[in-house]
Amino acid sequence: MSDSIPKAPGPNPSDDRARNDALRERTERDDEQASSDREQRAADTSYSPSSEREMDASQTQQRDRSDLEADGIDPSRVVAAPGTGGADDAGDVEPEPGDLNLPWQSEEDRQV
577 MSDSIPKAPG PNPSDDRARN DALRERTERD DEQASSDREQ RAADTSYSPS
627 SEREMDASQT QQRDRSDLEA DGIDPSRVVA APGTGGADDA GDVEPEPGDL
677 NLPWQSEEDR QV
């Protein structure tokens, strides 16, 4: 059964990056004719190393205690720093009970 599996080599990882770079260059040039929707989509959805660098920086280069205090944030109340979770993670900071103003909440609930 293994004889029926073709032994074709897979693409080199650099092949996709080179293709994506070429597409990006083509779509960024003003003097060339506009590229097709397919080329534009490939350039827009290609791997971007800067996004990985930004994510790494947000997860490893956290603000120190003095930076938080300068912005009026009590560092002892920070549960998780922003950027350490998912793409939409804003961090977990326990707010003061009176800081939240939810229209459906009674004044008594805000104080608790």
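Residues 577 to 688 in the working numbering are what the sequence shown lists, from first letter to last. Yeah, the Cβ is synthetic: ideal placement off N, Cα and C, and Gly gets one too. Keep in mind the model is a prediction, meaning the values are calculated, not measured.
Sequence-distant residues of the same chain with beta carbon closer than 6 Å to residue i, five excluded per side
{"i": "D643", "result": "none"}
Cβ shell of residue i (< 8 Å), same chain only, five flanking positions each side left out
{"i": "R641", "result": "P651"}
{"i": "M577", "result": "Confidence in M577 is poor, its pLDDT being 48 and thus under 50, which makes the residue's placement unreliable; the coordinate value appears in the next sentence. Answer for M577: no residue qualifies."}
Neighbour flag for residue i against chain D, beta carbons, 8 Å
{"i": "S612", "result": "The chain inventory of the structure shown lacks chain D, comprising one protein chain alone."}
The ligand PLP heavy atom lying under 7 Å from the CB of residue i
{"i": "L678", "result": "What this structure holds is no ligand at all, so the ligand PLP is not there to describe."}
Nonlocal neighbours in the same chain, by C-beta distance under 7 Å from residue i, ignoring five residues either side
{"i": "D606", "result": "Its pLDDT being 49, under 50, D606 is placed unreliably in this model, and the value from its coordinates should be taken loosely. If we look at D606 and ignore the five residues flanking it on each side, it has no Cβ neighbours."}
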